[in-house]
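Chains as they are written, first to last, in the working numbering: chain W, 1 to 508; chain V, 1 to 288; chain U, 1 to 308.
Just so it is clear, CB atoms sit at the ideal spot from N, CA and C, and this is done for glycine as well.
Here's the structure we're looking at; comments come further down.
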Amino acid sequence: MTKKLVSMMLAVMLLAGLTVSFAAAEDYPDLEIWSNNNGYLAVEKGGALYNFYKELTGVGITQPYIEWNGGTTYQEQLNLRIAANEMPDMFIPVNGMETDLIRAGAILDLTDLLPEKAPHLYAAIPEAVWDVVKANDPTGQGRIYYIPGVLTFARSGGIIRQDWLDALNMEMPKTQEEFVEVLRAFRDKDPNGNGQADEIPTGGRAEARWMDYLFSMYGVASWEGYPQWDLYNGELTYSAVTPNMKEALAWIASLYAEGLLDPETLLNDKAAWDGKINSGRVGVYHHWAQASYEYAESIKDATGTEAKLVVIPPISAEGYEGGYTQLQVGSVQFVVTNTRDESKINAVMRVLDCYGNDEMREQFVLGVPGMHCTYDENGKGSRLPVDMQHQENMIFHPDETLASIESTTDSLNMIRSEDTAWAVDQSIENLSHMVEYGRPIAGDGVPNSIYSDYPDIQNRILYAQYASKIITGEYPIDKFDEFVEKWYASGGNAVTERAREWYRKVSE
Amino acid sequence: MKESRSDAAFSAVMTGIMIVFALIALIPLLNILSLSLSSKVAVEMNSVNLLPVGTTLDSWKFIAGNGDIWRSFAITLFSTAAGVVLAVILNALMAYPLSKTYFAPGKIIMMLVVGTMIFKAPIVPYFLTVRGYGLYNNVLVLIVPHILSAYNMAIMRTFFKQFPAEVEEAACIDGCGMFGTLMKIVLPSSKAVLATESLFYGLTIWNQFQHPMMFISKVELYPLQLKIRQLINAGGDLSSMVVRANVNYNETTLGAAAVVFAIIPIIAIYPWVQKYFAKGAMLGSVKG
Amino acid sequence: MKKSGTPGGGLALNVRKYWPLYVMVLPGLVYLIMFRYIPIFGSVIAFQDYSVFLGISGSPFVGLKNFIRLFNSFDFGTIFSNTVILGLIKTVLLFPVPVAMALMINEIRSSWIKKSVQTAVYIPHFLSWVIVGGLVFDILGVGGLFNNIRAAMGLGVMLPMQKESWFRPIFAFSSVWKESGWGTVVYLAALSGMDPSIYESASIDGASRAQRLTRITLPLLVPTILTMFLLNIGGFLDLGFEQVYNLQTPMTYNVSDIFDTYVYRAGILQAQYSYTTAVGLFQSVIGLVLVVTFNKLANKFTEDGGLW
Chain W
1 MTKKLVSMML
11 AVMLLAGLTV
21 SFAAAEDYPD
31 LEIWSNNNGY
41 LAVEKGGALY
51 NFYKELTGVG
61 ITQPYIEWNG
71 GTTYQEQLNL
81 RIAANEMPDM
91 FIPVNGMETD
101 LIRAGAILDL
111 TDLLPEKAPH
121 LYAAIPEAVW
131 DVVKANDPTG
141 QGRIYYIPGV
151 LTFARSGGII
161 RQDWLDALNM
171 EMPKTQEEFV
181 EVLRAFRDKD
191 PNGNGQADEI
201 PTGGRAEARW
211 MDYLFSMYGV
221 ASWEGYPQWD
231 LYNGELTYSA
241 VTPNMKEALA
251 WIASLYAEGL
261 LDPETLLNDK
271 AAWDGKINSG
281 RVGVYHHWAQ
291 ASYEYAESIK
301 DATGTEAKLV
311 VIPPISAEGY
321 EGGYTQLQVG
331 SVQFVVTNTR
341 DESKINAVMR
351 VLDCYGNDEM
361 REQFVLGVPG
371 MHCTYDENGK
381 GSRLPVDMQH
391 QENMIFHPDE
401 TLASIESTTD
411 SLNMIRSEDT
421 AWAVDQSIEN
431 LSHMVEYGRP
441 IAGDGVPNSI
451 YSDYPDIQNR
461 ILYAQYASKI
471 ITGEYPIDKF
481 DEFVEKWYAS
491 GGNAVTERAR
501 EWYRKVSE
Chain V
1 MKESRSDAAF
11 SAVMTGIMIV
21 FALIALIPLL
31 NILSLSLSSK
41 VAVEMNSVNL
51 LPVGTTLDSW
61 KFIAGNGDIW
71 RSFAITLFST
81 AAGVVLAVIL
91 NALMAYPLSK
101 TYFAPGKIIM
111 MLVVGTMIFK
121 APIVPYFLTV
131 RGYGLYNNVL
141 VLIVPHILSA
151 YNMAIMRTFF
161 KQFPAEVEEA
171 ACIDGCGMFG
181 TLMKIVLPSS
191 KAVLATESLF
201 YGLTIWNQFQ
211 HPMMFISKVE
221 LYPLQLKIRQ
231 LINAGGDLSS
241 MVVRANVNYN
251 ETTLGAAAVV
261 FAIIPIIAIY
271 PWVQKYFAKG
281 AMLGSVKG
Chain U
1 MKKSGTPGGG
11 LALNVRKYWP
21 LYVMVLPGLV
31 YLIMFRYIPI
41 FGSVIAFQDY
51 SVFLGISGSP
61 FVGLKNFIRL
71 FNSFDFGTIF
81 SNTVILGLIK
91 TVLLFPVPVA
101 MALMINEIRS
111 SWIKKSVQTA
121 VYIPHFLSWV
131 IVGGLVFDIL
141 GVGGLFNNIR
151 AAMGLGVMLP
161 MQKESWFRPI
171 FAFSSVWKES
181 GWGTVVYLAA
191 LSGMDPSIYE
201 SASIDGASRA
211 QRLTRITLPL
221 LVPTILTMFL
231 LNIGGFLDLG
241 FEQVYNLQTP
251 MTYNVSDIFD
261 TYVYRAGILQ
271 AQYSYTTAVG
281 LFQSVIGLVL
291 VVTFNKLANK
301 FTEDGGLW
């Protein structure tokens, strides 16, 4: 017993001594940080990116290569590491896995540390967002356990081929009727001028995803095809089970029946739908305003046409209020592994502070000169083309995860070149409207933990099934009521209760 | 031996049906081969079916031109060869006693064996156990967990059961013992099943990615399939806000090239395996 | 040489007499305990509220909670019956296909055609379900072969992938397409082991090729067929996630949702290790019952035809 005590005291003293010496030399221990990697090289000690981060923040950062695979492989690897007692120092949790870890005491409480040791980040994230984070504390203590993403504008909307409108001498549609007229003209009047009736007026992807702009006309809160929580009849409600959704589905089904939607809408995967857009056959699609340049460039590669892609100002169906759903509270960005090691904590907080420091943003985004970016004689940095075989994985993307119109425009300018200016300028123009087009919702930031034990509600199995069948005409619209009933019976009641409970906490 | 006309017709009909089936079975291969040889634009427009469109070798150059892939290829080749040898030995040693009705604990052991097939270990305890054996970031993890499968062992046992007892007994008269019988009489005459087992185990080891993904974090120890996954990811399009590289491949074309790249060795080795499937290969050697 | 290993004092005698057999079986047994049984005991997490951070020793036991949740889950009935139906298609309806194919291949006389056919039919097995599933979608899509044929017949576009009634046939055909060729390997190996002299004597007796096939070849394959059947029946409810996941669409969930896809959503996407282990155990217990039952039947109707 005494022996143990002595050795423990020795260890503590040693540790304390080390901490002091580190702090004196302003020297931080290295950190292992896990984030998503789509195929870039690992960040290894002594490598280019390691040195870059070390110089920028004072902290050396490493990251092994972990396959992302939509988050599932990453999640499994992370769980195995946790099970083996080898948690990385900081990581992006996925699919709500942070909830259990916080409950088990595995995650560092950041509430007091942030204002003191990472003031830049603390200030960079709006008060309202921190309030949501506190409400999401699964222990119910209202503490801050994670760094949220922030997005201050509506990211996506309906994007139309303005050049097709021009070719047909039509105006940008402002009402639902005008919009349907445009779709009919796209179908019948050969706007791409190739003499074939190969145009697809509009469409989307399987599970009734990526056509949110159609739903938005009826005030249905929806994020890239995932129904969201908003106030309907004064109460926080899942938008999929509202009368608004019923009206929207009835209308979309009529478009499908008329051949204005891609017949394969409910079967398209990403590659199939992108393929149709990129081959210059689609009139309107739903996607990120800032990414329109990528489709424009692909369309040019495939057809030689310089398409003009413009975000449609939101249209409202009669009696409803439209608008593109805006989620200010992004997904969980980082959690920090619980530790008592002061020097580790200082290192993590230092890194987080730098990440939230607007003056360092450009460097974080550009990365290592010669590897990720290049500087011209005026000192203006621009990004090099993607070459994942030779580029290390950049861990911080403050332009995307603490995103404003300004930061996103800056990033677009970093990828703009003489060749791509025509397309990138369209994106910049589109982006500039996304604040006014946005429609904030009450359920912004509702945590995934409300779905715990109801995976099929979270995966919107019933919704995808009924929405798809109603749109294709397999089910009549009356079946919608059956769906609502089943949804509530299969867990929707419990989930709704949790969501409303959360909303009460946030509103306080 | 003369054949009647109806026999010839019967054989012709069977041959015809199988040729049609074989052609249908080749469609997927043709499709991915074409994808691997097509241009990025053609693939993005979904215009590739059974023939390449905008033919290019760029995807192949990307895959085969990566130096690391050949190291991974060697790792996989080595682990497959070693694994097959170990697996066949371990299986034969276990299947032979279990094929004997006079081996008293045979029934209980068979039940235990079948139990491993029906009950599956949850992933986290499995990971911790195997890691506890020191197989983390160890190239042996590509081999050891795969060298005894209940399914394959049970198949081998069935073959041993059908081995004529007289032949074995005759051998034992010469006093060669049970090990000797297995090694000198049974195994040399069971080439067909040995070839089958080699094929099964070899394919499992060659194609594995779940195990290495769990147990290997050092990129320099990556086996082929893992390296290929990494390369496919590396050739993919990112979500947004990047400068697109001016290349003539994408995730799909690279994936296709990688799949073909990885199955060529399997197809190449097949004729060698097939040799042992020739009719009468087994008993012929016993009598000879 | 008949059974001398009767229980009691017999075992010691058996060990003494056949000790080399005991030595032979030992490495495999140790292996199975180390790499299979020890991890399988980790299945206790099915009775826990398991957290990766706390581990098995630190996680609380919750009794049968996870099983009760499974049986009470909203779609349990649908998922169970879908799994049984697809299981029947795979382990019963399609089981004879590789046997028939092996017999047909065996009848091909030209050696190079035979070898080429064999090689060709194996190839789809080497490709993943993502690839084969994607092809099925293409073939049945708007510009695909299926609709081109319909167009040639003057019919309009039809999309089978979004029709419930088409799912099971598509599942069956794609199974045959991808796996039945590979399934012939074992049978062809078994056929190669047969004594040619049996055939010779039969053809002297004037039996036609077709007769020889049903009267001689097929009966000789029975032990192998039986083993394969018993091995497959244990995985009756374990259809594998890949195939169904890559063929289903939300429009066919009613007939295509099975345990494996359900577990994927609950387990992978919510990382509920305890719950998914409970579902797995449930599948295993059913598999065990089936294997034990059919093994008994096999032993009853054929001498020593069972797995034990």
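Bridge partners of Tyr-96(V) according to DSSP: none are assigned.
At a cut-off of 7 Å between C-beta atoms, Met-24(U) counts as an interface residue with respect to chain V. Selection Leu-135(V), Glu-197(V), Ser-59(V) evaluated against Asn-248(V) yields Ser-59(V) as nearest (Cα-Cα).
In the displayed model, Gly-473(W) falls within coil according to three-state DSSP, outside both helix and strand. Counting other Cβ atoms within 10 Å of its Cβ, Ala-257(W) stays below 16 and is therefore classed as exposed. Contact annotation for Lys-115(U) against chain V: Pro-271, Gln-274 [CB-CB distance below 8 Å, chain order]. Going by DSSP, Thr-253(V) is part of no beta strand (DSSP E) but of the alpha helix (DSSP H) stretching over 251-274. Positions of the beta strand (DSSP E) runs, each at least 3 residues long and wholly inside the stretch 174-247 of chain W, are given as 200-202, 229-232, 235-238 in order along the chain. The beta-carbon separation of Pro-122(V) and Tyr-273(U), rounded to 6 Å, stays under the 8 Å limit for a contact. Close to Arg-244(V), with beta-carbon spacing below 8 Å, are these residues of chain W in chain order: Glu-294, Glu-297, Pro-385, Val-386. Restricted to the stretch 241-294 of chain U, the alpha helix (DSSP H) segments that are unbroken, complete and at least 4 residues in length are 241-247, 253-256, 259-263, listed in chain order. Residue environment analysis places Thr-15(V) among the buried positions, since at least 16 neighbouring C-beta atoms fall within 10 angstroms of its C-beta. Boundaries around Arg-439(W) are those of the beta strand (DSSP E), 438-440, since no alpha helix (DSSP H) includes it. For the pair Leu-64(U) and Val-279(U), the CB atoms are not nearer than the 7 Å cut-off. Shortest Cα-Cα distance from Ser-36(V) to any of Met-156(V), Val-114(V), Val-273(V), Gly-255(V) involves Gly-255(V). Between the beta-carbon of Val-495(W) and that of Ile-450(W) there is about 5 Å, and that keeps the pair under the 8 Å contact cut.
Beta bridge pairing from DSSP links Cys-373(W) with Pro-369(W), Arg-383(W). In the three-state reduction of the DSSP assignment, Leu-94(U) falls in the coil class.
Following the DSSP letters along the chain, one finds Gly-330(W) inside the beta strand (DSSP E) bounded by residues 329-336.
Residues are counted here when their Cβ sits less than 9 Å from a Cβ of chain V; for the stretch 91-116 of chain U these are Met-101, Leu-103, Met-104, Ile-105, Asn-106, Glu-107, Ile-108, Arg-109, Ser-110, Ser-111, Ile-113, Lys-114, Lys-115, Ser-116, given in chain order.
Between the alpha carbons of Phe-186(W) and Gly-275(W) lies a gap of roughly 18 Å. Pairing Pro-250(U) with Ala-25(V) gives a Cβ-Cβ distance that is not under 7 Å. The beta carbon of His-146(V) is closer than 8 Å to those of Gly-83, Ala-87, Tyr-201, Thr-204, Ile-205, Gln-208, His-211 in its chain, skipping five residues each way along the sequence.
Contacts with chain U at 7 Å (Cβ-Cβ) include Asn-31(V). When Cβ-Cβ separations below 7 Å define contact, Leu-327(W) makes no contact with chain V.
Here Pro-160(U) is near Leu-140(U), since their CB atoms are less than 7 Å apart. Taken in chain order, the members of the stretch 83-106 of chain W whose beta-carbon sits within less than 7 Å of a beta-carbon on chain V are Ala-83, Ala-84. At a cut-off of 7 Å between C-beta atoms, Val-124(V) counts as an interface residue with respect to chain W. Of the candidates Ile-286(U), Tyr-262(U), Leu-94(U), Thr-302(U), Tyr-262(U) places its Cα closest to the Cα of Ser-73(U). Under the 8 Å Cβ criterion, the stretch 225-241 of chain U counts as touching the stretch 282-294 of chain U, having at least three qualifying pairs. Annotation: Cβ neighbours of Arg-209(U) in chain V (cutoff 7 Å, chain order): Asp-7, Phe-10, Ser-11.
Chain-order list of chain V residues neighbouring Ile-85(U): empty, with the shortest C-beta distance near 21 Å, by a criterion of under 7 Å. Assignment of Thr-62(W) by DSSP, reduced to helix, strand and coil, places it in the strand class.
Residue pairing by DSSP places Leu-151(W) opposite Ala-403(W) in a beta bridge.
Look at the stretch 132-208 of chain U and you find no whole run of beta strand (DSSP E) that is 3 residues long or longer. Just so you know, the alpha carbons of Ile-267(V) and Glu-179(U) end up roughly 16 Å apart.
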